[in-house]
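Right, one structure below, let's go through it.
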Amino acid sequence: MTINESKIIDAVVGMNPHGNEEGIIDAFTVYLTNHYADYYNKISYKFEKALEAHGKDTANMAKPLLIEAGHVCGFNTFRGIHESDAWKGLIAPMCKNKEDEIIGLTATLNALGWGVWKVISVTPKKLVIRSKNTYESIGFMKEFGKSKHSECYLATGVAASFMNIIFQKDVYEDVNANAFSAKETKCRSKEDKYCEFVVTRKK
Amino acid sequence: MEKLNISWNKKTNQRLVEGKSLVFHCHHYNCFLQRTLEDAKIVDGKGIQIESAREVAFEQFTKAFEDHQKLKTAKQKLKFASNFFQIAGFGLIDFSKTNTEGGTVTCPVSHYAKGWVAKWGKRKTPMCYFNTGWIAGVMAAAYNKELYDYDVRETKCEAVKGKGCKFEVTQR
Chain A
0 MTINESKIID
10 AVVGMNPHGN
20 EEGIIDAFTV
30 YLTNHYADYY
40 NKISYKFEKA
50 LEAHGKDTAN
60 MAKPLLIEAG
70 HVCGFNTFRG
80 IHESDAWKGL
90 IAPMCKNKED
100 EIIGLTATLN
110 ALGWGVWKVI
120 SVTPKKLVIR
130 SKNTYESIGF
140 MKEFGKSKHS
150 ECYLATGVAA
160 SFMNIIFQKD
170 VYEDVNANAF
180 SAKETKCRSK
190 EDKYCEFVVT
200 RKK
Chain B
0 MEKLNISWNK
10 KTNQRLVEGK
20 SLVFHCHHYN
30 CFLQRTLEDA
40 KIVDGKGIQI
50 ESAREVAFEQ
60 FTKAFEDHQK
70 LKTAKQKLKF
80 ASNFFQIAGF
90 GLIDFSKTNT
100 EGGTVTCPVS
110 HYAKGWVAKW
120 GKRKTPMCYF
130 NTGWIAGVMA
140 AAYNKELYDY
150 DVRETKCEAV
160 KGKGCKFEVT
170 QR
């Protein structure tokens, strides 16, 4: 059986997560918000610009900090999805191997409103994943125009988290659980045709 | 009852409200990102977050109130906005003790405070920066004011002590 991405996307979209009587969305062991893409883009890029304006010593500080925030996001949310009853019932039966699980996680990501994502290639050592419409590149271009460097920090962190969740041994016990890292090798904010993320083990 | 229409675009995998993208994110990201900006003392991380929330809320609800002409009074508009706050998972919010000059807004439940306490426990200072800015933007849209016409200060925060959060709104 191959991964039926459309079925997964339809199922997650069909769940229609929304606030309960307390205004809380309690799903996949996390509290979710159906939040404004514009808010995340404004605070991330204003933060980046403020650090750049502060001087040479701080100009490049925003990138690793925002990527790590993305990694924390991905590691917690998608680990919760991976361990959920919904995964066990719908997606696990489609998976023949760990590579299929990466494709399954990507299918769930496609239901979160983050744009269209596709796994280009995956092995236990490397993941290449692309999107034609990340909300980060859309937001950056709208506010600031073309960038000299890649700007999809959340997405970079999340891409790394997928490999750490699936291919890292003993995720809970291993203090080096953060063993994969990602680079955004192409970005629409640099006027590339798509955004591409390459994930490999840290050396 | 009037409600904001959140639609799913199957071609672009985007969830849209009033033409703007909504994206699902968890309390881990929301709180970690907030803390990242807050901890960088050389920039005004708190101000960046409050003002960004003000801008997105004002833009969203200025357009929404134009599109929903059945909403005639500020009370109706604020109830409409508070329904979105709840559906989006931000918590519960009550504008009933406000008027055109300001007033008191309460959040019996706040996603940000709840998420922060779940991750790190209680803290020393109020932390619902998103709610603070959102309230300022929504009040300005509902009472037909300009973007920066209201100041909002969180005077009680569940992430510091007790239950629920409170915000004082004053007109500039």
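As you go down the protein sequences, you meet chains A and B in turn.
When you line the first sequence up against numbering that gives the first Met the number 0, it's residues 0 to 202, in that order.
When you line the second sequence up against numbering that gives the first Met the number 0, it's residues 0 to 171, in that order.
Every residue gets a Cβ at the ideal spot worked out from N, C-alpha and C, and that includes glycine.
Taking the beta carbon of residue i as the centre, do at least 16 other beta carbons fall within 10 Å, making it buried, or is it exposed?
i, result
"A:P63", "exposed"
"A:H148", "exposed"
"B:R53", "buried"
"A:G37", "The amino acid at residue 37 of chain A is misidentified as Gly; the sequence shows Asp. When all chains shown are included, A:D37 counts as buried."
"A:T105", "buried"
"A:A58", "exposed"
"A:A52", "exposed"
"A:I7", "buried"
"B:D38", "exposed"
"A:D99", "buried"
"B:A117", "exposed"
"B:S109", "buried"
"A:S5", "exposed"
"A:N33", "buried"
"A:A61", "buried"
"A:G54", "exposed"
"A:G13", "exposed"
"A:E20", "exposed"
Using 7 Å as the threshold, is the C-beta distance between residue i and residue j below it?
i, j, result
"A:A10", "A:L111", "no"
"B:Y149", "B:A139", "yes"
"B:G88", "A:L31", "yes"
"A:I119", "A:R129", "yes"
"A:I66", "A:F27", "no"
"A:G203", "B:Q85", "No answer is possible for residue 203 of chain A: the residues shown for chain A start at 0 and end at 202."
"A:K185", "A:D191", "yes"
"B:G90", "B:N29", "no"
"A:S180", "A:K202", "no"
"A:A49", "B:V42", "yes"
"A:M93", "A:I24", "no"
Output the distance between the C-alpha atoms of residue i and residue j, rounded to the nearest integer angstrom.
i, j, result
"B:E167", "A:A178", "46 Å"
"A:T122", "A:I164", "14 Å"
"B:K40", "A:C72", "23 Å"
"A:H70", "A:L153", "7 Å"
"B:W119", "B:A158", "9 Å"
"B:W133", "A:I102", "37 Å"
"B:T124", "B:C156", "8 Å"
"B:N12", "B:K162", "37 Å"
"B:S81", "B:K19", "18 Å"
"B:H24", "A:R78", "14 Å"
"B:G136", "B:S51", "10 Å"
"A:P16", "B:Q170", "36 Å"
"B:C164", "B:V55", "21 Å"
"A:K141", "A:Y134", "11 Å"
"B:I92", "B:M126", "16 Å"
"B:Y111", "B:H26", "7 Å"
"A:V198", "A:K125", "5 Å"
"A:V127", "A:N75", "21 Å"
"B:L32", "B:K160", "22 Å"
"B:T131", "B:F94", "13 Å"
"B:I5", "A:D56", "43 Å"
"B:T154", "B:P107", "13 Å"
"B:R34", "B:F83", "25 Å"
"A:F143", "A:C194", "17 Å"
Suppose the cutoff is 8 Å on Cβ atoms and the five residues either side in sequence are ignored; what does the same chain contact list for residue i look like?
i, result
"B:L70", "E1, F64, K76 and F79"
"A:F139", "N40, Y44, S146, E150 and S188"
"B:E17", "L3, Q59, K62, A63 and D66"
"A:V157", "G69, H70, C72, G73, F77 and L108"
"A:V29", "N75, T76 and G79"
Can you give me the Cβ contacts of residue i inside the same chain, cut-off strictly under 7 Å, excluding the 5 residues immediately before and after it?
i, result
"B:L36", "G44, I47 and Q48"
"A:N132", "G114 and V115"
"B:E145", "A139"
"A:E86", "Residue 86 of chain A is actually Trp in this sequence, not Glu. Excluding sequence neighbours, A:W86 sits near I80."
"A:S83", "F27"
Shorter than 6 Å, the distance from the beta carbon of residue i to the closest heavy atom of the ligand NAD, or not?
i, result
"A:A154", "The ligand content of the structure shown is nil, which means the ligand NAD is not present either."
For residue i, I'd like the list of residues in its chain whose CB is within less than 6 Å of its CB, leaving aside the five on either flank, ordered along the chain.
i, result
"B:W7", "R14"
"B:K96", "G102 and T103"
"B:T99", "Y142"
"A:F161", "I101 and L104"
"B:L21", "R14"
Write down every uninterrupted run of the beta strand (DSSP E) in the stretch 96-171 of chain A whose length is 3 residues or greater and which is fully enclosed by it, in chain order.
Entirely contained in the stretch 96-171 of chain A, the beta strand (DSSP E) runs reaching 3 residues are, in chain order, 116-121 and 125-130.
Extract the residue ranges of the alpha helix (DSSP H) inside the stretch 18-83 of chain B, only unbroken runs of 4 or more that lie entirely within it.
26-38 and 44-66
Ignoring anything shorter than 4 residues or poking outside the stretch 30-92 of chain A, list the alpha helix (DSSP H) runs there in chain order.
36-53 and 61-81
Hey, which unbroken runs of the beta strand (DSSP E) at 3 residues or more fall wholly within the stretch 93-123 of chain B?
Secondary structure in the stretch 93-123 of chain B: the beta strand (DSSP E) runs of 3 residues or longer, each lying completely within the stretch, are 101-109 in chain order.
If you scan the stretch 118-160 of chain B from start to end, which runs of the beta strand (DSSP E) of 3 or more residues do you find wholly inside it?
149-155, all fully within the stretch 118-160 of chain B.
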